[in-house]
Amino acid sequence: MPSTAARSHPAATETRRRVRPALVLGIILAVQLMVVLDATIVNIALPDIAKGLRFSPASLSWVITAYTLAFGGFLLLGARAGDLLGRKRVFMAGIGLFTVASLLGGLTPNAGLLLAARALQGVGGALAAPSALAFLMIMVPEGRERLRALGYYTAVSIGGGAVGLILGGLLTQVASWRWVLFVNVPIGLVVLALAGRSLTETPGRNGHFDVLGAATSTVGVTSLAYGFVRAASDGWGDMLTIAAFAVGIALMGSFVVLERRASEPITPLRLFADRSRNASYVARLFLVAGMFGMFFFLTQFLQDVLGYGPLQTGLAFLPFSVVLFAMSQLSARRLIERFGGKPLMVAGFSLSTVAMLLMTQLSASSTYLNVLLPVVLFGTGNGLAFVSLTGASLAGVRSEDAGAASGLVNVMQQMGGALGLAVLVSVFGSAGRVVSGPSTAAARAAFVVGADHAFVASTLFVGATVLILAVVIPGRRAAARAAAGAAQIPEWVRELEPDEAIPEVVGA
């Protein structure tokens, strides 16, 4: 069967010859850092934003939610737009919108305009992120070079959240909360300048744009994400929560029916024809849901229990970022070739599960040393496994479907975050109500009890990730047998298959 490289468009091959992969990778990483960092950098600045713009406690969460909903809801639309209209064009439009929205958000005089700016940031990120990952797939040569690129991409995708906490604390403490938005402006301008000179436009595809698919997927994903967010704040029995889930499920069901009939589907259903790719999508959903237990509750534990300031809290996550980066590079450069992807995913996320279990032992008398070990273990486990997980999500994807596949990776990450926030906050609230009292000590004890139960739920999410990967992803021998069987199939039959064979990086 022809390889992915053989199927790539001639423009992509020409681009590889003319453009240094290192420069392309730098652009991609800068964009991914902007998108991921912006989901967390604002967190530490929320108290200052509330004071500066007079947000009520109930409405303050929308500073985060406005970005999350827009980003998650428009991802599939942004992904397919790049495939059909040209990835460079859509990429540049997304970065431009993100940059302008960041500037407007930093200058905003009131709460309403800030929320509008955050939503525009989300739309810009949804346009840019899938095209960025698609450019990595088509412009960085396959093999060891692409594995290394995926290692860097992984480190930025996961470690960017911790970097956001560090940078947000520094900017808020040294300058102003407005700089957590202004910081995107110079980065965006540099990316636009470099991308305009370095990236080559992929040809647009003639055909019908799937308007109904775009509408149902955008509204459906947004409705599901809102349902999770609403559940976290108002409970699972809230009527708006139930309505949001009902609308989201109905629209996504309609979306599947429409995509089966569409001549130019916004998300080709052939992307779901491979069980390893499907397993990687579901595993990412559960993993990110569990990760929120670390970032969300550990951030509050450091501030409310240990008494850390914004900058100290951000720096407390520095070991996580350092270990994650080191292990992801080791995995991409050495370990995947030696052991295969499946053992690294299972072993790495098993370490992450142990780290979550250790977090359930934190108490009001804990010190940073009690926090450091699980943080380092979590960074080690994710660094070992995430490169292979991303590779499994993108393996065997046709060049013309690169944007759609990249969009699905980002959708699963966003939906996992929304799911994790909803479940963990619900668990936290139910457990914390058992310990009540007007004193500061009672409030601290209630937080510790609630966070302990939330970490247990996070452990179950990450443990589910290990189980899914261990059971569904084929080992190296099974992949070899499947490849040998495919070799016996006549060429005219193989041409009917939707995807190529899975590269060895997925197998064990």
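Under our numbering, residue 508 is the last one in the sequence shown; the count climbs by one each step, no gaps.
Note that CB positions come from ideal geometry on N, CA and C, so glycine has one too.
All of these numbers come straight from a predicted model, not from anything done at the bench.
Near residue i, what residues of its chain come up, given a Cβ to Cβ distance below 8 Å and the 5 sequence neighbours on each side ignored?
i	result
L165	T40, I41, N43, I44, F295, T299, T313, G314 and F317
E201	A11, G86, R87, K88 and R89
R260	L269
Q488	With a pLDDT of 43 at Q488, under the threshold of 50, the modelled position of this residue cannot be trusted; read the value that follows with caution. Cβ neighbours of Q488 beyond the five flanking positions: none.
L23	L194 and S198
Based on Cα-Cα distance, which residue from the options lies nearest to residue i?
i	options	result
F349	W62, A443, A442 and S458	S458
L69	V256, V323 and N410	N410
N184	V24, A101 and A119	A101
A446	G429, I249 and T172	G429
V282	G341, V466 and L170	V466
L469	R277, L311, R144 and G125	R277
G253	M92, R275 and L224	L224
M345	G237, S157, G248 and S388	S388
F386	L192, Q329 and N370	Q329
F228	S56, I28, Q414 and M359	Q414
S198	I28, A111, G396 and V376	I28
A93	V31, L271 and A364	V31
D38	W236, S399 and G106	G106
V323	L373, E337, S365 and L258	L373
R230	V190, S59, L127 and L357	S59
G82	R284, T65, E400 and S366	E400
L33	A117, S157, L25 and V24	S157
I64	L358, Q121, T99 and F74	Q121
R444	A117, R398, I249 and D304	D304
A347	L251, L362 and M327	M327
A431	A441, D452, S365 and A442	D452
L271	A395, S61, P474 and V375	A395
Around the Cβ of residue i, are there at least 16 other Cβ atoms within 10 angstroms (buried) or fewer (exposed)?
i	result
V35	buried
L133	buried
L269	exposed
D234	exposed
M239	exposed
L115	buried
S331	buried
R146	buried
N382	buried
A119	buried
S393	buried
A464	buried
T154	buried
L369	exposed
T99	buried
L273	The amino acid at residue 273 is misidentified as Leu; the sequence shows Ala. Result: exposed.
V257	exposed
V174	exposed
G248	buried
Would a check of beta-carbon distances place residue i closer than 9 Å to chain C?
i	result
S157	Here there is only one protein chain, and chain C is not present.
Compare the beta carbon distance of residue i and residue j with 9 Å and say whether it is the shorter of the two.
i	j	result
G416	F286	yes
T267	G220	no
G161	M291	yes
A279	V472	yes
L150	T390	yes
T218	L76	yes
G125	A418	no
G450	F320	no
R144	A404	no
F135	F91	yes
D255	T222	Correcting the residue identity first, residue 255 is Phe in this sequence and not Asp. For F255 and T222, no; Cβs fall outside 9 Å.
P130	S406	yes
L84	E264	yes
L306	T367	yes
L25	V191	no
F74	L127	yes
L362	L377	no
D210	A262	yes
M412	R284	yes
I138	A364	no
Just to confirm my understanding: we take residue i, look at its own chain, exclude 5 residues before and 5 after, and list those with CB closer than 7 Å. What are they?
i	result
W177	A45, D48, I49 and G52
V180	I41, V42, A45, G168, L171 and T172
V427	H453, A454 and A457
Following a CB-centred definition, is residue i positioned closer than 8 Å to any heavy atom of the ligand MG?
i	result
G429	This structure lacks the ligand MG, and indeed carries no ligand of any kind.
Suppose the cutoff is 6 Å on Cβ atoms and the five residues either side in sequence are ignored; what does the same chain contact list for residue i look like?
i	result
Y308	L302
G293	L424, A454, F455 and S458
A232	L421, A422 and V425
A556	Only positions 1 to 508 of the chain appear in this structure, which leaves residue 556 out of reach.
L384	M327, S331, L344 and G348
L103	V185
At least three beta-carbon pairs within less than 8 Å, the segment 351-358 to the segment 237-252 | Taking one beta carbon from each stretch, the segment 351-358 and the segment 237-252 have fewer than 3 pairs nearer than 8 Å; the two do not touch.
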